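The structure under discussion appears below in the form of structure tokens.
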Amino acid sequence: MERNRRIEIRLAGSGGQGLILGARMLFRALALEGRRAAQSQSYEPTSRGGLCFSDLVVGDEADYPLVTGLDVLIALDQLGAVRSSALAKPRALVIVDERLVTWRPEGDFSIYALPMIDSAIAIGSARVANIIALGALVAISQLCKPTSLDAAIELETPGKFAELNLEAVRQGYRLARNLAPG
């Protein structure tokens, strides 16, 4: 992705999927590279299961910190995909969980359906699907360097979860390698 233009990103799904934490990690990775970004979030008043999303606006001119049209949408479940897809711009990068997002946004998008939840379960916890998604995003888009994302994850993760989260981001890099949208 071009480094100097405004890029609007949304991580969407249901409460409890770690979307706000994921956006904070991506925000930190961008900051480590000296990039400017603004991060915001929204969630329904239920602690689990309601719509939750976290947005990042990246660019030198972050004059308006809220998204108006998504360049990137990561949807970890159907609710996040349905409720966020109307904001996706033409040619947006859309990354969805292949099992939990059965309806895919239609339009001029690059859509990648990846087994993020299943991969998270396979490495030990469904709760790291958000971090697998970040790894896939960085591998596909080159939004930031993988080393910056790794460092941000280490900085934002309590010590006892660091190795699991680093394994999750590596799994995201692997899932995205040599993929074609579809």
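Numbering-wise (the working numbering), the sequence shown opens with residue 335 and increments by one.
In this text, a Cβ means the ideal position worked out from N, Cα and C, and glycines have one as well.
Bear in mind that the values here come from a model prediction, so they are computed numbers and not experimental data.
Separation of Ala426 and Glu497 (C-alpha to C-alpha, rounded to the nearest whole angstrom) is 32 Å. Assignment of beta-bridge partners to Tyr446 by DSSP yields Ile429.
In its chain, beyond the 5 residues on either side, Tyr446, Leu448 and Ile474 have a beta carbon closer than 8 Å to the beta carbon of Leu513. Rounded to the nearest whole angstrom, the CA to CA distance from Pro424 to Gly384 is 27 Å. Scanning the stretch 473 to 515 for uninterrupted beta strand (DSSP E) segments of 3 residues or longer gives nothing; none is fully contained.
Just measuring C-alpha positions, the residue of Arg362, Ala372, Phe387 and Leu404 sitting nearest Gly393 is Ala372.
DSSP places Ala363 in the uninterrupted alpha helix (DSSP H) bounded by Leu353 to Leu366.
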